[in-house]
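Trainee: Just dropping this structure here.
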Amino acid sequence: ESKKKVTITAPEFIEALRYFSDLTLKYKVTPTSDESKNTPPYARWCNGTLGFFPVAPWDLVAFANLPFQFDVIPWPVGKKENKTATWLGSVGYGVSSETRNPELAAEFALYLSANRETMETMCDLDMQVPNLQSLADRYVGKQGNPKNREEFIQIISDYGRSWPAEYTYNASWYNRFFSSVQDVLDGKESAESYCTRLEPKMQRLLDRAAKKQKS
Numbered sequence: 296e297s298k299k300k301v302t303i304t305a306p307e308f309i310e311a312l313r314y315f316s317d318l319t320l321k322y323k324v325t326p327t328s329d330e331s332k333n334t335p336p337y338a339r340w341c342n343g344t345l346g347f348f349p350v351a352p353w354d355l356v357a358f359a360n361l362p363f364q365f366d367v368i369p370w371p372v373g374k375k376e377n378k379t380a381t382w383l384g385s386v387g388y389g390v391s392s393e394t395r396n397p398e399l400a401a402e403f404a405l406y407l408s409a410n411r412e413t414m415e416t417m418c419d420l421d422m423q424v425p426n427l428q429s430l431a432d433r434y435v436g437k438q439g440n441p442k443n444r445e446e447f448i449q450i451i452s453d454y455g456r457s458w459p460a461e462y463t464y465n466a467s468w469y470n471r472f473f474s475s476v477q478d479v480l481d482g483k484e485s486a487e488s489y490c491t492r493l494e495p496k497m498q499r500l501l502d503r504a505a506k507k508q509k510s
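Letter by letter, the sequence shown follows residues 296 to 510 in the working numbering.
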């Protein structure tokens with residue numbers, strides 16, 4: 296909660312990482328790293344040989360003509376008593392301090408992000424969830440795949456979460472975890488061993504980030 300301590304050796308975290316690796320190593324329901332090199336998961340999804348794929352609202356426009364039916368569901372969990380959660384991400388428009396027309400640039404950014412006609416167009420083209428709440432019904436009620444666009448609204452209003460690194464000065468500590476986690480997913484190292492080995496390294500990087508934030 297303090298955003299100052301790395302806790303990847305917590306039993307719950309180790310259990311989650313172990314389950315993640317078991318999906319490939321034990322249950323064999325996700326492609327191995329070698330299989331993914333031959334045919335990336337995105338390509339597998341598009342050709343209908345992958346049953347589940349993480350998708351964002353802006354992906355839907357690329358999926359309009361897939362040769363199969365699909366829908367959106369909450370992010371799966373390992374145990375039925377667990378609650379779903381997933382990343383809530385977004386983008387924003389910035390105006391450079393060196394622009395020659397700051398007022399026009401700001402107006403254009405506002406037009407792209409809050410103008411109703413613009414939002415209607417982006418909604419209809421499946422480019423994004425509209426920023427205006429008044430267009431939520433228009434988005435949810437669209438025809439065609441997926442039928443459950445409501446799930447994206449639920450992520451925004453209920454169970455979406457920010458990346459941990461969004462609370463810190465930089466993401467170096469967070470990226471360190473993913474730099475070699477493939478060894479766990481390939482069965483070369485246990486989840487417990489990896490987390491025990493990485494936690495102090497990540498903590499040092501997090502401490503450095505905190506010092507930079509104060510300076």
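For each residue, glycine too, the CB sits at the ideal point set by N, CA and C. For clarity, every value in this text was computed on a predicted model and none was experimentally measured.
Look at the alpha carbon of residue 456 and the alpha carbon of residue 382, and state the distance between them as a whole number of angstroms.
Mentor: Computed Cα separation, rounded: 5 Å.
Trainee: Whole angstroms is fine: what's the gap from residue 335's alpha carbon to residue 508's?
Mentor: Answer to the nearest angstrom: the Cα atoms are 38 Å apart.
Trainee: Output the boundary residues of the alpha helix (DSSP H) element that contains residue 313.
Mentor: Taken as a continuous stretch (DSSP letters only), the alpha helix (DSSP H) holding residue 313 covers 306 to 320.
Trainee: Can you give me the Cβ contacts of residue 294 inside the same chain, cut-off strictly under 8 Å, excluding the 5 residues immediately before and after it?
Mentor: Nothing about residue 294 can be read from this structure; the chain reaches only from 296 to 510.
Trainee: Pairing CB atoms from the segment 486 to 493 with CB atoms from the segment 307 to 317, are three or more of them under 8 Å?
Mentor: Counting Cβ pairs under 8 Å, three or more are found: they touch.
Trainee: I'd like to confirm something about residue 437: is its beta-carbon nearer than 7 Å to some heavy atom of the ligand ZN, or not?
Mentor: Within the structure as shown, the ligand ZN is missing, as the structure has no ligands at all.
Trainee: Decide if residue 301 is buried, meaning its Cβ has at least 16 other Cβ atoms within 10 Å, or exposed.
Mentor: Residue 301 is buried by the Cβ-count criterion.
Trainee: Assuming residue 333 is part of the alpha helix (DSSP H), what are its boundary residues?
Mentor: It spans 328 to 333 - the alpha helix (DSSP H) in which residue 333 sits, taken as one unbroken run.
Trainee: Hey, out of 411, 444 and 439, whose CA is closest to residue 429's CA?
Mentor: When only C-alpha atoms are compared, the closest one is 411.
Trainee: Looking at C-beta atoms only, is the number of pairs between the segment 434 to 442 and the segment 364 to 374 that lie closer than 8 Å three or more?
Mentor: Touching, yes.
Trainee: In whole angstroms, what separates the C-alpha of residue 480 from that of residue 506?
Mentor: Straight-line Cα distance between these residues: approximately 33 Å.
Trainee: Quick check: what's the CA-CA separation for residue 327 versus residue 303?
Mentor: Looking at the two C-alpha atoms, the distance is approximately 24 Å.
Trainee: Would you kindly check if the distance between the Cβ of residue 390 and the Cβ of residue 380 is under 8 Å?
Mentor: Their beta carbons are not under 8 Å apart, which means residue 380 does not touch residue 390 by this criterion.
Trainee: Out of 405, 467 and 504, state which residue places its alpha-carbon closest to the alpha-carbon of residue 426.
Mentor: Cα-wise, what sits closest to residue 426 is 405.
Trainee: Just verifying my parser: in three-state terms, what is the DSSP assignment at residue 381?
Mentor: Strand at residue 381.
Trainee: Spatial neighbours of residue 465 within its chain, please: CB distance less than 8 Å, with the 5 preceding and 5 following residues excluded, ordered by chain position.
Mentor: So the list reads 504 and 507, once near-sequence residues are dropped.
Trainee: Identify whether residue 499 lies in helix, strand or coil by the three-state DSSP scheme.
Mentor: Residue 499: helix per DSSP, three-state reduction.
Trainee: Once you ignore the five residues that flank residue 319 on each side, which residues in its own chain have a CB closer than 7 Å to its CB?
Mentor: The residues are 325, 327 and 480.
Trainee: Can you tell me where the alpha helix (DSSP H) holding residue 393 begins and where it ends?
Mentor: Segment: none, residue 393 is in no alpha helix (DSSP H) and carries neither H nor E.
Trainee: Since residue 406 is in the alpha helix (DSSP H), which residue starts that stretch and which ends it?
Mentor: Where residue 406 is concerned, the enclosing alpha helix (DSSP H) stretches over 397 to 409.
Trainee: Per DSSP, which one or two residues make a beta bridge with residue 456?
Mentor: Per DSSP, 382.
Trainee: Does residue 477 pass the burial test, meaning 16 or more other C-beta atoms within 10 Å, or should it be called exposed?
Mentor: With fewer than 16 other Cβ atoms within 10 Å, it is exposed.
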